[in-house]
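Worksheet for the structure shown next.
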Amino acid sequence: MKQKIGLNQKRNLFGWVFLAPAVILIVVMSFVPAINAFITSFKTGNGADLHFAGLTNYLRIFKDAVFIQSVKNCFFYLIIQVPVMLVLALILASMLNNRKLRFKGIMRTCIFLPCATSLVAYSIIFRSLFAADGFVNLVATKLHILSEPYNFLAHPTSAKIVIIIALVWRWTGYNMVFYLAGLQNIEYSVYEAAKIDGASPLQTFFKITVPLLKPTILITAIMSTNGTLQLFDESVNLTNGGPSNQSITMSHYIYNQAFQGVPKFGYTSAMSFVILFLVAILALVQMKVGDKRD
0 MKQKIGLNQK RNLFGWVFLA PAVILIVVMS FVPAINAFIT SFKTGNGADL HFAGLTNYLR
60 IFKDAVFIQS VKNCFFYLII QVPVMLVLAL ILASMLNNRK LRFKGIMRTC IFLPCATSLV
120 AYSIIFRSLF AADGFVNLVA TKLHILSEPY NFLAHPTSAK IVIIIALVWR WTGYNMVFYL
180 AGLQNIEYSV YEAAKIDGAS PLQTFFKITV PLLKPTILIT AIMSTNGTLQ LFDESVNLTN
240 GGPSNQSITM SHYIYNQAFQ GVPKFGYTSA MSFVILFLVA ILALVQMKVG DKRD
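Following numbering that gives the first Met the number 0, the numbering of the sequence shown begins with 0 at its first residue and continues without gaps.
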């Protein structure tokens, strides 16, 4: 006699049937390549002619001056750009969450619009803006801020600052949306009660908004850290890693080693896992620092 399948078992079965295609795609397109890349990271050789070499690639990384410079560059962007962007996004979200503010829908859209811009397109636009004959130099010389045009992209510090400005412009609105969603889940009566108690806007911001948005701030910080350490388009299209690799990022350098000249797939795989390790460590630290539960 056949055993009847219960309702819960049927639901579980249908759930797995619907999940199966996605799970298979994730395994085939993500996990299998990742495992192959990890195995490849222990091999050396050019092109498809690879042979096992143990930890040679990982030891080589510590002697590679350009890769070390790319790590320094990424952390420079991370330390400056991420805090500035998240603070600015939080301030804008708090301002645009005001119920009495007029045209806030239009303002939210305008701040978010840069996120819809193509990564390549906006990088090229910023390269044109900060070129020696670009709009920024034109305005600066007309206003006598600069006596002569300054080639921002030809100097290491100014090239990095241009990348930071571009990143802040593009991603602030993206993070602002997360904070707006979090703020709209906070009862407005909390702010009204604080106002009745005589709390200033600054006190309300630091005593109510920031503590209640802590989980959202944590997740945006982790995502921004992850994105900054994997930065690619801005380095390639805005500065081309110049001058002399002084603004190059880790992903850009990996791309150059893998697809320009003789491909070094073993070495680039090892560098990719170093990035993965850095992202995982920083995400873990941020979660530990951000989690204050007893």
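From the three backbone atoms N, C-alpha and C, an ideal C-beta is built for every residue, glycine too.
Length of the line joining the Cα atoms of I23 and Y121
Here the question's residue 23 lines up with position 24 in the sequence shown. Here the question's residue 121 lines up with position 122 in the sequence shown. I23 and Y121: Cα-Cα distance of roughly 35 Å.
May I ask you to report which of helix, strand or coil DSSP gives M0?
Residue mapping note: residue 0 aligns to position 1 of the sequence shown, counting from 1. Residue placement at M0 is poorly supported in this model, since its pLDDT is 44, which falls under 50; the coordinates still yield a value, given next. Coil.
Contact defined as beta carbons within less than 8 Å: I believe T224 pairs with L275. What is the distance between those atoms, to the nearest angstrom?
As a first step, residue 224 must be located in the sequence shown, where it is residue number 225. As a first step, residue 275 must be located in the sequence shown, where it is residue number 276. Not confirmed; about 13 Å, so no contact.
Between which two residues does the alpha helix (DSSP H) containing H251 stretch?
Indexing the sequence shown from 1 puts residue 251 at position 252. Residues 249 to 258.
Are the segment 172 to 181 and the segment 217 to 235 in contact at 8 Å, needing three or more beta carbon pairs?
yes
Of the residues V261, L237, S250, S243, the one placed nearest V119, counting alpha carbons only
The count along the sequence shown starts at 1 and reaches residue 119 at position 120. Looking at the Cα atoms, L237 is the closest of the given residues.
Spatial distance of H50 from T208 (CA atoms)
Taking the sequence shown and counting its residues from 1, the one referred to as residue 50 is at position 51. Taking the sequence shown and counting its residues from 1, the one referred to as residue 208 is at position 209. Distance between the alpha carbons of H50 and T208 is about 56 Å.
Only counting the same chain, and skipping five residues up and downstream in sequence, which positions put a Cβ closer than 6 Å to that of T39?
Looking up residue 39 in the sequence shown gives position 40. Here the set comprises F264, G265, S268.
Tell me which residue opens and which closes the alpha helix (DSSP H) that G14 is part of.
To locate residue 14, count along the sequence shown from 1; it is residue 15. It spans 6 to 25 - the alpha helix (DSSP H) in which G14 sits, taken as one unbroken run.
Whole-angstrom Cβ separation of T248 and S234, contact assumed at under 8 Å?
Mapped onto the sequence shown, residue 248 falls at position 249. Mapped onto the sequence shown, residue 234 falls at position 235. Contact flag correct, Cβ pair sits at about 4 Å.
F129 classed as buried or exposed, judged by whether at least 16 other C-beta atoms fall within 10 angstroms
Taking the first residue of the sequence shown as 1, we reach residue 129 at position 130. Buried, because 16 or more other Cβ atoms sit within 10 Å of the Cβ of F129.
Same chain only: Cβ atoms within 6 Å of Q245, ignoring 5 sequence neighbours per side:
Within the sequence shown, residue 245 is the residue found at index 246, counting from 1. Only P155 meet the Cβ criterion.
Rounded to whole angstroms, what is the Cα-Cα separation between F61 and V278?
The residue labelled residue 61 in the question sits at position 62 within the sequence shown. The residue labelled residue 278 in the question sits at position 279 within the sequence shown. So the alpha carbons of these two residues sit roughly 18 Å apart.
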